[in-house]
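Step one of this worksheet: look at the structure below.
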Amino acid sequence: MAENNSFWKDRSVLVTGGTGLLGSWLAPTLAKRGANVVLLVRDGAPRSLLVRDGWLNRLASVHGSLTDEGLLRRTMAEYSVQTVFHLGAQTLVGVAKADPVSTLETNVKGTWMLLEAARQTGVQQVLVASSDKAYGESPNLPYREDHPLIGQFPYEVSKSCADLISQMYARAYKLQVGIVRCGNLFGGGDLNYSRLIPGAVRATVNGEKFKIRSDGKFIRDFLYVEDAVEAYLCLAEHLAANPAMAGEAFNFGLGLKLTMLDLVDKILAVMDRKDLVPIVENIANNEIREQYMDSAKAHERLGWSPLYGMDEGLKRTVAWYRNHLERTESAS
Amino acid sequence: MPLPPETSRFWSQKSVFVTGATGLVGGWLVSALAQQGAEVTALVRDGSPRSHFRLANTSGKINVVAGNFCDEQRLDRVIGKNSIHTIIHLGAQTVVGVANADPVSTLEVNARGTWNLLDAARRKGVHQTLIASTLLVSATDTHPADSRGNKLGAAMLQHPYAVSKACMERIAIAFAHTYQMRVGILRFGNIYGGGDLHFSRLIPGAIRSTFQGDRFRFRTPGESQRDFLYVEDAVSAYLRFGERLATSDSLSQKQIGFGLGERLSLLNLVRLILKHSGRTDLEPMVGTSSTPEISEEATDINEASRLLDWHPEYSLDQGMQRTIKWFRNYFEIKLDDYRPRETRVPPNHGN
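So the protein sequences, as listed, match chains R and Y.
Residue 430 in the numbering used here is what sits at position 25 of the first sequence, and the numbering runs on without skipping anything.
Residue 868 in the numbering used here is what sits at position 242 of the second sequence, and the numbering runs on without skipping anything.
Below, the structure is given as C-alpha cells:
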C-alpha cells in the first residue's frame, strides 16, 4: 500500500500486544501515518523495542488485561476507537504447554472479550492476529485459507479457537473482522533467543556455531516483520473499502519451504560466516515437521506482496541485532 | 434399560463425576449410573426443582455438589475428594437462541468451562473424560478435499453455539493429545425425551401446545432436517463409550457420532407428535421467517457401531411414545401451573 494514502490520518487505532515484536513495528508505523494510537499494555516490558526506541512514551496507553471487560469497553469508548489491531496473546509454545489455562484465558477468552467490547461500542473494524499454527498438523500442504482449523497442542488450539470465534463475530454480528494468518515473524526487537533466527544471529555474532535442537529438517513459513506490518495495514484498508470481506482470513507468508538448516545457512551467508557450520543435536523432534502456506489469496484479492522477503528481511534483521548486541555489550 | 450385563458390572463402584446433571441427558444418565452401582457426584449450578434429575428421585444415591465448572478450586476439591475415575461433561449452554443473544456467557460455559474441567482432570489424574458435543462440529473440521466438503462448515460459523462447541472439542483434543489424557467425544444430533423442560425447544414446546389443544406455530417453514435420538439411547452411548474407553487407548481423542442415522424435517417431527398424541387435527402453522436455521447431515453411525458396538434401541415412534407419556404424566401433576383451574379441560377439547 502506498504510504501517502490518507486512510490512517487521524484514525483512532487501538493496538493490543503493542510491546510485542509485531506491535513494536506496527504502532510506530501507524503513528507515522497520522493515526492516533492507543496501546493496551499489560506488563511493563522494558526490553521491548517500543520502549527502547522511546515510542511507548509518545503513544497513549492503557494498562491492564485483555480479560478485563470494563477496561476494554472504556478504552474503545473513550478513545472513540475505529480500528483495533488485536495482537495481544501468549505466544510461547512452551509456556502454553506448561500452563494451558492461562494461555487459553489470554488467547481465547481475551479474543472474545475484545470482540464483544468492539461489538458493544461500535468499533468499525477489528484485525485479529491468527497464525498458521491455527491450522494444525496436516498432510494437505501448503495450507490454504479453507483448510480446517484443527490444532492439537494448547498454543495451536488457542489460535484455532480465537480464529473461529473471530469468524463467528463477523458473520453473526456483522462486525468488520479481518483475520491475519502469518507465518513465523522475524525482525529486529525479538529478544527471545530460544527462537531460531534470533538465536542463530546471536551465536554467529559471538563467533559460535549455532546448535539446532532438532534434526534441522523442519520446515516453517517465515515473514519479515515490516512485511507483516504492511499486510495488516493492507487488509484493514481493503476491509474498510469492501465490508463484504468481513470474516475472511488471509494467509501471509513467503511459502519458501526452507528447512531450518537452509535458513541458518542463509543467515551465515548474510553474516559472511559460512565457516560456522551449525551443530545438529537431533534431540527435539516432536513438533510438527512441515508447515507452509499458500498466500495466493492475499496476492489476488489484496494485491499484497512482501516488499522485503527473506533475503532483504534477513539483512535488516542481522543489522538490527549487530547494532543491538554491540550496544548491549558496550553498555555492560 | 436394555443394556448387556457386562456394562452393569463395569460401572459398579466407579466414582463418576457428572456435570449438567439437571439437563435432559444428565437426569437419565445419573439414574442409570446409580442403578448400575456407580458412585455418582453431580455438579449442579442452579436449582432446577422440576428437572428429571429431581423428579426421578435419585436423592440419597447421588452426591450433589452445588457450584459451576468455571470455579477451578471447587472442581479440584470435588474431583480430588471423591477420587473421580470418570468425568462425564454434559454441562453446557445448549440453547441456540441464548447463544445468539449472549455469545460471551455461552463461550464462558462451553469453552472456558471445558478447559477448567480438563485442567482439573489433568492435575488430579482422572482416568477418563467423556465430553458431550454436537454433530454440528463435524462440519468445521473437514478438509475441503474430503468427499463431504465443508460448505456446511462456513455456514456453521455464523452460529455462536456451534462455534462454542467447535472450540470445546478442540480444547478437549489439545488436553488429550498433549497430556496423554483419555478423552472421548460424543457428537449427537438432537436428543429428545422426558425431562427436557426447555419449552422454547421444539419437542417440549410442541408436546405442551398439543397437550393444551393449541396448534403449534413455527416461525420458519419448518423444513430444516435433523437427526433425532431418544434420550435413553444417548445414555447407552455414554455408558458404552466410557466402558470401552477405559481400556482402549485407540478410542481416546475419537469424535464419534451418535444418532438414528436418518433425518426428519421439523414439520414432520411435529406431525409425529400429533400422531402419537391422537391430535392430528392440530396441523401446525408454518411461518416464513428466514432466520438462519441449523440443518444437519444424517449421522454416520457406522463408527459407533464398529468401534463401540452401539446401536439405537428406540425408533422415532417408540422414543416419541415414551416422551409423550413422560410429559403427560408431568403435565397432569403440574397442570395447575399451566392453566387456570376453571379452564382446565380434558385433552380432547377442540375436536
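Cβ coordinates follow ideal geometry from the N, Cα and C atoms, glycine included.
Note that the structure is a prediction, hence the values are computed from the model and not measured.
Among residues of its own chain, excluding the 5 on either side of residue i, which ones have a beta-carbon nearer than 8 angstroms to its beta-carbon?
{"i": "Val443 of chain R", "result": "Ser417, Val418, Leu419, Val420, Leu464, Ala465, Ser466, Val467, Thr480, Tyr484 and Val486"}
{"i": "Ala737 of chain Y", "result": "Ser790, Cys793, Met794 and Ile797"}
{"i": "Thr906 of chain Y", "result": "Arg897 and Leu900"}
{"i": "Glu613 of chain R", "result": "Leu681"}
{"i": "Arg827 of chain Y", "result": "Val721"}
{"i": "Thr609 of chain R", "result": "Phe615, Ile672, Leu673, Met676, Arg678 and Leu681"}
{"i": "Arg841 of chain Y", "result": "Ser835, Leu908, Glu909, Pro910 and Met911"}
Work out the CA separation of residue j and residue i for me, nearest whole Å.
{"i": "Phe801 of chain Y", "j": "Ala746 of chain Y", "result": "11 angstroms"}
{"i": "Phe643 of chain Y", "j": "Gln881 of chain Y", "result": "21 angstroms"}
{"i": "Leu492 of chain R", "j": "Ser638 of chain Y", "result": "50 angstroms"}
{"i": "Asn708 of chain Y", "j": "Tyr956 of chain Y", "result": "34 angstroms"}
{"i": "Glu939 of chain Y", "j": "Asp859 of chain Y", "result": "6 angstroms"}
{"i": "Phe884 of chain Y", "j": "Thr760 of chain Y", "result": "9 angstroms"}
{"i": "Leu569 of chain R", "j": "Tyr578 of chain R", "result": "14 angstroms"}
{"i": "Arg447 of chain R", "j": "Gly469 of chain R", "result": "5 angstroms"}
{"i": "Ala450 of chain R", "j": "Thr488 of chain R", "result": "24 angstroms"}
{"i": "Ile799 of chain Y", "j": "Ala641 of chain R", "result": "33 angstroms"}
{"i": "His824 of chain Y", "j": "Ala725 of chain Y", "result": "14 angstroms"}
What's the call for residue i, buried or exposed, on a 16-neighbour Cβ count within 10 Å?
{"i": "Leu712 of chain R", "result": "exposed"}
{"i": "Val531 of chain R", "result": "buried"}
{"i": "His552 of chain R", "result": "buried"}
{"i": "Ala432 of chain R", "result": "buried"}
{"i": "Arg967 of chain Y", "result": "Because the pLDDT of Arg967 of chain Y is 45, which lies under 50, any placement of that residue in the model is unreliable, and the number read from its coordinates should be weighed accordingly. By the neighbour-count rule (16 or more Cβ atoms within 10 Å), Arg967 of chain Y is not buried but exposed."}
{"i": "Ala701 of chain R", "result": "exposed"}
{"i": "Lys538 of chain R", "result": "buried"}
{"i": "Ser411 of chain R", "result": "exposed"}
{"i": "Gln696 of chain R", "result": "buried"}
{"i": "His715 of chain Y", "result": "buried"}
{"i": "His937 of chain Y", "result": "exposed"}
{"i": "Ser563 of chain R", "result": "buried"}
{"i": "Tyr726 of chain R", "result": "buried"}
{"i": "Gly751 of chain Y", "result": "exposed"}
When the cut-off is 8 angstroms and only beta carbons count, does residue i lie next to chain Y?
{"i": "Val498 of chain R", "result": "no"}
{"i": "Arg576 of chain R", "result": "yes"}
{"i": "Ser599 of chain R", "result": "no"}
{"i": "His491 of chain R", "result": "no"}
{"i": "Ser565 of chain R", "result": "yes"}
{"i": "Gly556 of chain R", "result": "yes"}
{"i": "Pro553 of chain R", "result": "yes"}
{"i": "Ile570 of chain R", "result": "yes"}
{"i": "Pro648 of chain R", "result": "no"}
{"i": "Leu435 of chain R", "result": "no"}
Could you check whether the Cβ of residue i sits closer than 8 angstroms to any Cβ belonging to chain R?
{"i": "Arg808 of chain Y", "result": "no"}
{"i": "Leu783 of chain Y", "result": "yes"}
{"i": "Ile705 of chain Y", "result": "no"}
{"i": "Asn776 of chain Y", "result": "Reliability of the predicted coordinates at Asn776 of chain Y is poor, the pLDDT of 48 falling under 50, and the value obtained from them is presented with this limitation in mind. By this cut-off, Asn776 of chain Y is an interface position."}
{"i": "Asn736 of chain Y", "result": "no"}
{"i": "Asp926 of chain Y", "result": "no"}
{"i": "Trp637 of chain Y", "result": "no"}
{"i": "Val730 of chain Y", "result": "yes"}
With distances taken from CA atoms, which of the options is nearest residue i?
{"i": "Asp853 of chain Y", "options": "Y:Gly646, Y:Thr914, Y:Gly945 and Y:Leu744", "result": "Y:Gly945"}
{"i": "Pro648 of chain R", "options": "R:Gln572, R:Leu580 and R:Ala633", "result": "R:Leu580"}
{"i": "Val675 of chain R", "options": "R:Tyr697, R:Tyr637, R:Asp620 and R:Gly718", "result": "R:Gly718"}
{"i": "Ser453 of chain R", "options": "R:Leu596, R:Tyr629, R:Ile570 and R:His704", "result": "R:Leu596"}
{"i": "Gly848 of chain Y", "options": "Y:Ile833, Y:Val721, Y:Leu655 and Y:Leu892", "result": "Y:Leu892"}
{"i": "Ile672 of chain R", "options": "R:Phe627, R:Asp699 and R:Lys720", "result": "R:Lys720"}
{"i": "Phe814 of chain Y", "options": "Y:Ala788, Y:Ser731 and Y:Arg870", "result": "Y:Ala788"}
{"i": "Leu628 of chain R", "options": "R:Gly621, R:Val585, R:Asp620 and R:Asp670", "result": "R:Val585"}
{"i": "Ala718 of chain Y", "options": "Y:Thr740, Y:Phe825 and Y:Asn689", "result": "Y:Thr740"}
{"i": "Asp699 of chain R", "options": "R:Val634, R:Lys514, R:Ala482 and R:Asn545", "result": "R:Asn545"}
{"i": "Ile617 of chain R", "options": "R:Trp430, R:Pro683 and R:Val582", "result": "R:Pro683"}
{"i": "Glu869 of chain Y", "options": "Y:Val724, Y:His753, Y:Leu650 and Y:Ala647", "result": "Y:His753"}
{"i": "Val500 of chain R", "options": "R:Tyr560, R:Leu659, R:Asp415 and R:Leu519", "result": "R:Tyr560"}
{"i": "Lys687 of chain Y", "options": "Y:Glu665, Y:Ile705, Y:Val763 and Y:Gly693", "result": "Y:Glu665"}
{"i": "Arg625 of chain R", "options": "R:Phe657, R:Gly588 and R:Leu644", "result": "R:Gly588"}
{"i": "Leu362 of chain R", "options": "R:Ala633, R:Phe623 and R:Cys639", "result": "No answer is possible for residue 362 of chain R: it lies beyond the span of chain R, which begins at 406 and ends at 737."}
{"i": "Met807 of chain Y", "options": "Y:Arg749, Y:Leu762, Y:Val656 and Y:Leu934", "result": "Y:Arg749"}
If I measure Cβ to Cβ from residue i and keep anything under 7 angstroms in the same chain, skipping five residues before and after, which residues do I get?
{"i": "Asn742 of chain Y", "result": "Phe695, Cys696, Glu698 and Leu701"}
{"i": "Trp413 of chain R", "result": "Leu435, Arg438, Gly439 and Ala440"}
Within the same chain, show all residues whose beta-carbon is closer than 6 angstroms to that of residue i, passing over the 5 residues directly before and after it, in chain order.
{"i": "Arg843 of chain Y", "result": "Met911"}
{"i": "Ile829 of chain Y", "result": "Tyr818"}
{"i": "Asn689 of chain Y", "result": "Thr667"}
{"i": "Gln557 of chain R", "result": "Gly541"}
Can you find a CB in chain B that lies within less than 8 angstroms of the CB of residue i?
{"i": "Asn694 of chain Y", "result": "Protein chains R and Y are contained in the structure displayed, whereas chain B is not."}
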